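Per my numbering, the sequence shown starts with residue 1128, numbered consecutively.
Structure first, commentary second.
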Amino acid sequence: MKSLDRAVQGKVRARISDRLAYAHDASHYLLTPLAVVTPASAHEVGDLFKASSLHAVPLTFRSGGTSLSGQSSTDGVLVDTRSNFRGLTVLESGARIRCEPGATVRQVNARLAVHGRKLGPDPASESACTVGGIVANNSSGMACGTENNAYHTLDSAILVLASGTVVDTAAPDADRALRNAEPELYSGLLRLRDQIRSDPGHVSRIKELYAIKNTMGYGMNSFLDFDDPVDILLHLAVGSEGTLAFIAQATFRTIALKPHAATGLLYFRSLADATVSLPALVEAGFATIELLDSTSLLVAQQDPGADEELQQLRVQGHAALLVEFQEESQANLQEAIAGSEALLAALPLEIPARLTTDTQRRAALWNIRKGLYASVAGNRPSGTTALLEDIAVPVAKLLPTCQGLVALFEKYGYDSAVIFGHAKDGNIHFLLNERLEEHGEGSTLQRYADFTEEMVDLVLSNGGTLKAEHGTGRIMAPFVRRQYGEQLYQFMRDIKTLFDPEGILNPGIVLNDDPTFHLSHLKTSPPVEKEVDRCVECGYCEPVCPSKDITLTPRQRIVLRREIARAELQGQSQLKAQLEKEYQYGGIDTCAVDGMCQTACPVLIDTGELVKRLRSEGRSRVEQTAWKAAAGNWGAVSKLGGLALTAVKHLPPPLVTGASEAARIAIGREQIPRWDADLPAGGSVRRPLAATEPKAVYLAACISTMFGPASGSQGVTPAFLELCSRAGVEVAVPVAITDLCCGTPWKSKGMTDGYDVMREKVVPVLLEATRNGELPIVCDAASCTEGLERLLAAMGEEPRLRTLDAVAFVDEHVLPHLPKGSPLSSLSLHPTCSSTRMGLNPALARVAAAVADEVVISDDWGCCAFAGDRGMLRPELTASATARQARSINARPFDAYASVNRTCEIGMTRATGHEYRHILELLASTTSKTTTK
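Below, the structure written as C-alpha cells:
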C-alpha cells in the first residue's frame, strides 16, 4: 500500500466498502480488489507499473465497468481510469478527435455532432461505455460492422507499456523511438510478423477469422495489415483488454453523421425466411438489420411501445428484422426508400413492410429492440443472474447456428432465453438467466458448464468466433486455443510475454490454460429489497449520477446493499457493521435522490427511492415529530425561514457561516444546513389570486418564499403572472396557498409522517380549486412540479388532477401571444433533473429560443445536486457534481444564465459565479410589454 501511495499520492482507496463497490461490474464475475487507485496522468500509471512489478501484484484497468466478459474484475489492484481521464479535443473540424479513456461514447459524439461527425463504433451502451473500453475491447455495434470498429478507425494512441515506457504512436519518429526504448519488444514483433506471413495457412486462417466481427484473443490481423512494429503494437493494443498496455489517449478518425433515417420492423413467418432475406437487404443499403427471434417477439409484445401489428401477431416460430436506412440528406433517404420498395414487396413477409420516418415511431421500434434485455433481465427469478453472450458466424451460417442455439436452450431448460442481434454481420446475442451458486442445493453450475461446451462446439463448427464485440475476458479465455489452433495460440502467448514479461497486466484475461477458469468467481445476487433486486449491475446509471466523483454511484449503492445482505447471510457481523457504517455517508447522505439514474437504467430502477426509504428508517421519532409539526404549519415555517435568511444578510458573513458550522458539528450535518454568503435573502409570502375565467390553478412553489430572487430580478412568480397578464390568460391561486407544498422536502428526507400530513392537506384544496380536475395545476419550479405529480399519484388522484410546469404552460398558452421583443445574444441554459425526467426540456428549449438567439447547454451538463437543501447540508456534493460543467460554462461569456428551479439556480450560481435566473424571468424581461392576439 505504501508503494501504491507513493506512486499516486492520496489516490488509493482500501476501505472494505470501496473495494466491494468496485468489485462489481456488468459481468457475472465477482472478485474483490486489494485496493482501488485513481491515477491522474500517464506518468502516474507508469509509476504504478513499477510498484506493481516490485511487489508482484497485478493491475487491472476499469473505466465504465460495462464490459460483460469479466475483463475488468480482479483480486489485485484495480485502476480506475474513469475519474481523471475524460479529456476531449476535436481536431480538423471533427474529422478526428483526441480522447482520454474515461470519456463516454455519448460525450464524444455530443462534441462531434456540431461538426456533423461521430465515432465509428456505435455500441448500445454508448451512454455509459467509455473510450478506454471501446479500444480495449475493439467495440463495434449495430451499424459500424467491421469497417468502422475501433481497430479500423483508431488513428493513433499514447500507450504506457508494462516497463513504464510511454509510446506516442503519432510522433513522427515513433517507430524509431520504440526500437530504441524497447529493443526486445520491437524485434519480437518483427519476428512474429515474419513468421506469420511466411506460412500461408496462418495467413488464410487469420483472414478467415477477421472477415467477420471477432474479438477473441489478440488482434492477429495486425501482423498482416501493418508493416512497422509501432503500428502493429498500436493495433495489438486494440482488443487487448488491458493485458498489454494502458491506453492513456486515443485519436480516432470519425465518420459522417447520418441524421435522416427510416425504420421498419419486418415480420417473417420463420427464422429461415428472415435469414435467407439478409443478402438482399444488405445489398439494398440498410445500415442496420437487427434480428429478433420468436421468443424475442413474444417478449416484445408486452412492451408498452408495441403497435397493433405486433400485438396482434400470433407468434408461432416467426422472426423479425428491424431495418433502418441512415442517410446524410433527406433526398438520399427518399431515394433509398424508393429503391427498396420492390425488394420489400417481394420478401416472404407475414405483414406488408412499412418504413417510417416519424421520430416517435422510430424511437418506439428501437425501444422494443433495446428493451429486450431489460424485459428478460428485469423479470428474471430472484437470485438469478442475467447472462448476455455474443457470437458471430458467416451470414450464410446464421440460420443453422440460431437453430442450434434454440435446440440447446430446450435441452438445458433455458425457457426464457432470447436471440437477437446484428444480423447484417452474422453477429447475434443471446440472453439467458442462470443461478450461479457454485455449491449447495439448487446449484445449476454444471448445467451452465455443459451448455457452454456445446455452444462452443456449435459456433466453431459453423466457422464462427466465440466473441464478436464483447471481448474475450474471463468467460472465453479458456477457449481461445480451441478457436485459433495451437500455433496461432502460441503466437498470442509470445505477444503477451513480449509486452508484459512479468505478467502484471490483467493476468489470466484473454489467454488462460485452465479449462474451468470461466466457472470460478461467479457472481451471485442475494435478494435484498424490492427497489433494487432487478438490478443487473450494467452501470448505465453511473454517468448521470451527481455523486459519482465524490462517493458512490447508483450501481455501487445497490451492490453494497447486496454485500451487506451477503455478510448477514454468512454470519459476518463485523463486516456487516463496518459496511453499514461506511455506507451512511457515501450511500445515503450524499445521494441527491434526483432520479436521474432511472432515466438511464434499462430496468427503470430509481435508486433514490431506495435511499429515501433508508433515510426514513434512520429517522428518530423526534425528527419525525418535528417535521410532522412543520407540515401542519408550513405557512409559518416557510415564512420564518425566509425572514431568517433576510435577517442574516445584515450580519457579518464569517460570523453566520461560523455559527452554522458550529451548530452542524454540535447537532449534526444532516440536521443543520450550512449558510454561506452566496445564499440569497428570503423571498415573498405567496398570496391568493382570484380569477373570473381561469385557465389554470397556479401553485407557486414555496421555495420562492424561502429563497428570494437573484439580485435585481423580480422572481419567477411575478414574472409568470406578468407573462400571463400580457397574453390575456387568467390563472387562479388557491386561498390556502401559503400553507401548501408539493411534499418533496419530506419525501426526500424520509420524513414520512410529515409527508402524509401534507398529502392530506394538499389534495382537498386542489380538488376544490380545480373544480374537481377541470383545470390543470401549474407549478413554477420543475422539482416541485414533479413532486406534486408524485404526491397526487400516491393519493390516487393523478388521473383526475393534472399538473403542468409553468414553462410548459407558457410554451403552449402564453408564448404564441408574445412578440419577439429584444432577445439576448447568448444564454447558458441549465435544464434540471426534474425537467429531464418529466420530458419538459423540449418546451424549455422553445421558451429559451424566445429569450436568446444562441442557447447553449453544456456538453458536461448534469444534475447540480443542490436537491432542495442537500447542497447546504452537503455542499461538497454540489461542488463535485457541478465542477466539470462549471468549467465548460466559464470557458466563454454569456449574456445571461437560466434554469427552471430556484435551488438549482442557487447551486449553479455558486458553481459558476454567474447569477442564474428562472427562464421565465428572462422571458418577461426580453419580450415586448405589448401582446398580439
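Think of the CB as a built atom: it goes at the ideal place given N, C-alpha and C, for glycine as much as any other residue.
Keep in mind that this is a model prediction, so the values were computed, not measured.
Thinking C-alpha only, which one of the options is nearest residue i?
i: residue 1336; options: 1249, 1256, 1586 and 1528; result: 1586
i: residue 1192; options: 1519, 1682 and 1877; result: 1682
i: residue 1749; options: 1817, 1360, 1798 and 1622; result: 1798
i: residue 1483; options: 1559, 1393 and 1397; result: 1393
i: residue 1423; options: 1518, 1338 and 1533; result: 1533
i: residue 1222; options: 1157, 1828 and 1383; result: 1383
i: residue 1655; options: 1741, 1233 and 1680; result: 1741
i: residue 1953; options: 1942, 1971, 1975 and 1945; result: 1975
i: residue 1638; options: 1702, 1369, 1578 and 2047; result: 1369
i: residue 1268; options: 1188, 1547, 1405 and 1209; result: 1547
i: residue 1871; options: 1911, 1732, 1847 and 1218; result: 1911
i: residue 1294; options: 1372, 1258, 2039 and 1209; result: 1372
i: residue 1376; options: 1516, 1286, 1536 and 1562; result: 1286
Roughly how many angstroms separate the alpha carbons of residue i and residue j, rounded to a whole number?
i: residue 1531; j: residue 1489; result: 32 Å
i: residue 1845; j: residue 1939; result: 19 Å
i: residue 1961; j: residue 2017; result: 24 Å
i: residue 1249; j: residue 1229; result: 17 Å
i: residue 2058; j: residue 1673; result: Confidence is the limiting factor: at residue 2058 the pLDDT is only 44, short of 50, which leaves the residue's position unreliable and the question unanswerable from this model.
i: residue 2005; j: residue 1666; result: 22 Å
i: residue 1275; j: residue 1525; result: 22 Å
i: residue 1179; j: residue 1195; result: 26 Å
i: residue 1135; j: residue 1174; result: 8 Å
i: residue 1947; j: residue 1988; result: 28 Å
i: residue 1143; j: residue 1706; result: 7 Å
i: residue 1397; j: residue 1598; result: 31 Å
i: residue 2010; j: residue 1717; result: 16 Å
i: residue 1149; j: residue 1856; result: 54 Å
i: residue 1635; j: residue 1154; result: 16 Å
i: residue 1556; j: residue 1926; result: 40 Å
i: residue 1432; j: residue 1724; result: 21 Å
i: residue 1883; j: residue 2013; result: 38 Å
Report buried or exposed for residue i, applying the criterion of at least 16 other Cβ atoms within 10 angstroms of its Cβ.
i: residue 1303; result: exposed
i: residue 1760; result: exposed
i: residue 2060; result: Per-residue confidence for residue 2060 stands at a pLDDT of 38, beneath the threshold of 50, marking its modelled position as unreliable; the derived number appears in the next sentence. Exposed: under 16 other Cβ atoms inside 10 Å.
i: residue 1837; result: buried
i: residue 1704; result: exposed
i: residue 1265; result: buried
i: residue 1589; result: buried
i: residue 1830; result: buried
i: residue 1652; result: buried
i: residue 1697; result: exposed
i: residue 1594; result: buried
i: residue 1645; result: buried
i: residue 1514; result: buried
i: residue 2068; result: Here the chain comprises residues numbered 1128 to 2060, so residue 2068 is not present and cannot be evaluated.
Tell me, to the nearest whole angstrom, how far the beta carbon of residue i is from that of residue j; I am working on the premise that it is less than 8 Å.
i: residue 1379; j: residue 1414; result: With a Cβ gap of about 19 Å, residue 1379 and residue 1414 do not count as contacting.
i: residue 1905; j: residue 1933; result: 5 Å
i: residue 1374; j: residue 1308; result: So it is not a contact: roughly 18 Å between Cβ atoms.
i: residue 1553; j: residue 1522; result: 4 Å
i: residue 1833; j: residue 1877; result: So it is not a contact: roughly 20 Å between Cβ atoms.
i: residue 1858; j: residue 1818; result: 6 Å
i: residue 1722; j: residue 1964; result: 6 Å
i: residue 1401; j: residue 1446; result: 4 Å
i: residue 1131; j: residue 1162; result: 6 Å
i: residue 1357; j: residue 1305; result: 5 Å
By the DSSP assignment, the beta strand (DSSP E) with residue i in it spans what residues?
i: residue 1824; result: 1823 to 1826
i: residue 1539; result: Per DSSP, residue 1539 belongs to no beta strand (DSSP E); it is in the alpha helix (DSSP H), 1525 to 1539.
i: residue 2045; result: 2043 to 2045
i: residue 1353; result: Run containing residue 1353: none; DSSP gives neither H nor E here.
i: residue 1932; result: 1930 to 1932
i: residue 1454; result: 1446 to 1454
i: residue 1387; result: 1387 to 1395
Could you give the residue range of the alpha helix (DSSP H) that holds residue i?
i: residue 1500; result: 1486 to 1505
i: residue 1788; result: 1780 to 1794
For chain C, find out if any of its Cβ atoms is closer than 8 Å to the Cβ of residue i; answer yes or no.
i: residue 1762; result: Looking at the structure shown, chain C is missing, and only one protein chain is on hand.
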